[in-house]
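Written out below as structure tokens is the structure these notes cover.
There are 2 protein chains.
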Amino acid sequence: MTNKLNLNNLTKSEEDYLKAIFQLLIEDASVKVGNNQLADYLKVSPASTNNMIKKLKAKGYVVSEKYGKLDLTERGKSVAVRLIRKHRLWETFLCNYLNFTWDEVHDVAEQLEHIKSRKLIDELDRFMDFPKKDPHGEMIPNANGEYSIIPKITLSSLSEGDVCQLVAVNDGSVHFLKYVSEIGLVLSSEIKILEVREFDKSIRIKFDNTIETVTRKFADNVFVNKVV
Amino acid sequence: MTNKLNLNNLTKSEEDYLKAIFQLLIEDASVKVGNNQLADYLKVSPASTNNMIKKLKAKGYVVSEKYGKLDLTERGKSVAVRLIRKHRLWETFLCNYLNFTWDEVHDVAEQLEHIKSRKLIDELDRFMDFPKKDPHGEMIPNANGEYSIIPKITLSSLSEGDVCQLVAVNDGSVHFLKYVSEIGLVLSSEIKILEVREFDKSIRIKFDNTIETVTRKFADNVFVNKVV
DNA sequence: TTAATTTGTTAGTCATAACTAACTTTTTTA
DNA sequence: TAAAAAAGTTAGTTATGACTAACAAATTAA
């Protein structure tokens, strides 16, 4: 009964876990990423993540000590970045060539990112002329896994009178993405903060002659460049 | 312990089985398609196919009697045709837009055909302007699952002096497809049968000022339109 | 600093889909 | 038509990746 470790060909699940750990690590760089948090993020039980973490440790993708925080090895990171590259390239393709909207791309890209073919993704990249950003404004890693992380500030971090430009939106929720489109915001929209209400931190914003009030939660998911 | 039957969302495996049965049924319309034959085709054990057949029968995709031949219900056929549509559209995309060659497309298309998104495939179809044939010359079913079956004759069925045009090639083997490309045959190539050798049924053919001898096995996998 | 809460782990179960080995039915052929 | 071969079936096992329930460790709060 020798336990064969499939070192090279990762399953869809293994890939999903590695990507999730990576996302959690960059989301909150300094804070501990733990087992339950991962379970929560992936919407599975803590027992499931615990199990998978063991396997990924044995395969050399993850490091952690018992009851300790999770981290990825270089190999683990490399897998995660390649998945993100695939995900974002597919999203770009779906939006720019196949008439998908922001809120429609995520689910399909989640499937497409697991297709195993180096040539496929590199040719898709070339076909689209090596796009730098995906439709939500996020950076696309290149074929060598290199990418720049632009420090992101949220709309919620600004103050009355500030003017900013929408550079990216969090792509985690279909409802949120639909909402963003519906009120008329697009990448590069110039947004002026008219008022930040002390009571509930809701924000009155103006863009393209539209005035809207958005919640703190909404503003937390909108990433901007401060202009003024 | 109520046995929940996942009637709508088929697994990758279930889809593979339905497609395989469909392919075997159209390959040899009149001949019985049996359990062992299916196992052989899918390169799994007869026990595995037997098991899966039971499940697909319970779900209403397959019909067969104990020890009898296999057949698909309308629903089963519909699933298979949609898979073939997806497979062929992806192959077309890979060849025409992403620089894939004949022999490279199959494996990737096998993965891509399982992506679940109606919009994805219909938009891909539109993007390529509704192609009628895939790169190997096979018909692509339309969005309603309609397609025409062109009765195919093989190069091996012709006689000395006949002239034909290459209309399709069997896409089952990478080695075969590489071979076809290497000797210089492409879709629409005009081929003249110079000689059929009685000894081993090998055939001397001429096309584009090239003269080649091909085996019976090779000629069985080349589909043509007889011109003269 | 002890108790409560949160977080992490283990053990055992289930479904899917593969496998081998043994057995039964059907078909072929001698 | 009876024996041999081929085809089909069943039983029992394995790996993956979920799950629940029970338990242990670590952290937080009283």
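Sequence lines, in order, name chains A and B. When you line the first sequence up against the numbering used here, it's residues 1 to 228, in that order. When you line the second sequence up against the numbering used here, it's residues 1001 to 1228, in that order. Glycine included, every Cβ here is placed at the ideal spot set by N, Cα and C. It should be emphasised that the depicted structure is a prediction, and the values quoted were computed from it without experimental measurement.
Tell me whether residue 1096 of chain B sits in a helix, a strand or coil according to DSSP, three-state version. helix
Nearest chain B C-beta to residue 127 of chain A closer than 7 Å, yes or no? yes
In chain A, which residues lie with their C-beta within 7 Å of the C-beta of residue 1123 of chain B? 98, 99
Spatial neighbours of residue 1050 of chain B in its chain, beta-carbon cut-off 7 Å, leaving aside the 5 residues before and after: Taken in chain order, the residues that qualify are 1035.
State the Cα-Cα distance for the pair residue 221 of chain A and residue 43 of chain A, rounded to the nearest angstrom. 20 Å
Does residue 121 of chain A come out as helix, strand or coil in the three-state DSSP assignment? helix
How would you label residue 40 of chain A, buried or exposed, when you count the other beta carbons within 10 angstroms and need 16 or more for buried? exposed
Cα-Cα separation between residue 1129 of chain B and residue 212 of chain A, rounded to whole angstroms: 41 Å
Can you tell me which of A:101, A:107, A:22 puts its alpha carbon nearest to the alpha carbon of residue 70 of chain A? A:22
Scan the stretch 1131–1145 of chain B for residues whose Cβ lies nearer than 7 Å to a Cβ of chain A and list them as they occur along the chain. Against chain A - using a Cβ distance shorter than 7 Å - the stretch 1131–1145 of chain B contributes no residues.
Assigned exposure category for residue 1092 of chain B - 16 Cβ within 10 Å defines buried: buried
How many angstroms separate the CA atom of residue 97 of chain A from the CA atom of residue 1029 of chain B? 40 Å
Can you confirm whether the stretch 155–172 of chain A touches the stretch 1010–1021 of chain B when touching is taken to mean that 3 or more C-beta pairs between the two stretches lie within less than 8 Å? no
Residue environment, residue 146 of chain A, which counts as buried when at least 16 other CB atoms sit within 10 Å: When all chains shown are included, residue 146 of chain A counts as exposed.
Can you tell me the Cα-Cα spacing of residue 188 of chain A and residue 135 of chain A, whole angstroms? 11 Å
Which residues in the same chain as residue 57 of chain A place their Cβ atom closer than 6 Å to its Cβ, once the five residues preceding and following it in sequence are excluded? none
Interface residues of the stretch 99–116 of chain A facing chain B [CB-CB below 9 Å]: Residues 99, 100, 104, 107, 108, 111, 112, 114, 115, 116.
Which two residues bound the contiguous beta strand (DSSP E) that contains residue 1229 of chain B? Residue numbering for chain B in the displayed model covers 1001 to 1228; residue 1229 of chain B lies beyond these limits and cannot be assessed.
Own chain, CB closer than 7 Å to residue 1037 of chain B, minus 5 neighbours either side, in chain order: 1024
Can you find the residues in the same chain that come closer than 7 Å, C-beta to C-beta, to residue 1105 of chain B, ignoring five residues on each side of it along the sequence? Cβ within range, chain order: 1091, 1094, 1095, 1135.
Whole angstroms are fine: how far does the CA of residue 1125 of chain B sit from the CA of residue 1088 of chain B? 10 Å
I want to check one thing, is the minimum distance from the CB of residue 55 of chain A to the heavy atoms of the ligand SAH below 6 Å? The ligand SAH is not among the ligands present in this structure, which contains no ligands whatsoever.
In this structure, how does DSSP classify residue 1004 of chain B when only helix, strand and coil are distinguished? Low per-residue confidence applies at residue 1004 of chain B: pLDDT is 46, beneath 50, and the placement is therefore not dependable, though the value from the model is reported in the following sentence. Correct three-state label for residue 1004 of chain B: coil.
For residue 219 of chain A, count neighbouring C-beta atoms within 10 Å of its own C-beta (all shown protein chains included) and say buried if the count is 16 or more, exposed if not. The residue in question, residue 219 of chain A, is buried, as its Cβ has 16 or more Cβ neighbours within 10 Å.
By DSSP, does residue 222 of chain A sit in helix, in strand, or in coil? strand
If we ignore side chains and look at the alpha-carbon of each, how far apart do residue 181 of chain A and residue 74 of chain A end up? It is roughly 37 Å from the alpha-carbon of residue 181 of chain A to the alpha-carbon of residue 74 of chain A.
May I ask you to report which of helix, strand or coil DSSP gives residue 1054 of chain B? helix
With a cut-off of 7 Å, does the C-beta of residue 1002 of chain B fall near any C-beta of chain A? The pLDDT assigned to residue 1002 of chain B is 38, lower than 50, so where the model puts this residue is not dependable; a value taken from the coordinates is nonetheless given after this. No, no contact with chain A.
Leaving out five residues before and five after residue 226 of chain A in sequence, what residues of the same chain have Cβ atoms less than 8 Å from its Cβ? So the list reads 153, 158, 162, 163, 164, once near-sequence residues are dropped.
Taking any Cβ of chain A, which residues in the stretch 1043–1071 of chain B have a Cβ under 8 Å from it, in chain order? Against chain A - using a Cβ distance shorter than 8 Å - the stretch 1043–1071 of chain B contributes no residues.
Contacting residues, own chain, Cβ-Cβ under 6 Å from residue 1174 of chain B (five flanking each side not counted): 1103
Extent of the continuous alpha helix (DSSP H) to which residue 1182 of chain B belongs: 1174–1183
Taking all protein chains shown into account, decide if residue 1067 of chain B is buried (16 or more other Cβ within 10 angstroms of its Cβ) or exposed. Of the other Cβ atoms in all chains shown, fewer than 16 fall within 10 Å of the Cβ of residue 1067 of chain B; this residue is therefore exposed.
Put residue 1197 of chain B into one of helix, strand or coil per three-state DSSP. In the structure shown, residue 1197 of chain B sits in coil (DSSP, three-state: anything other than H, G, I, E or B).
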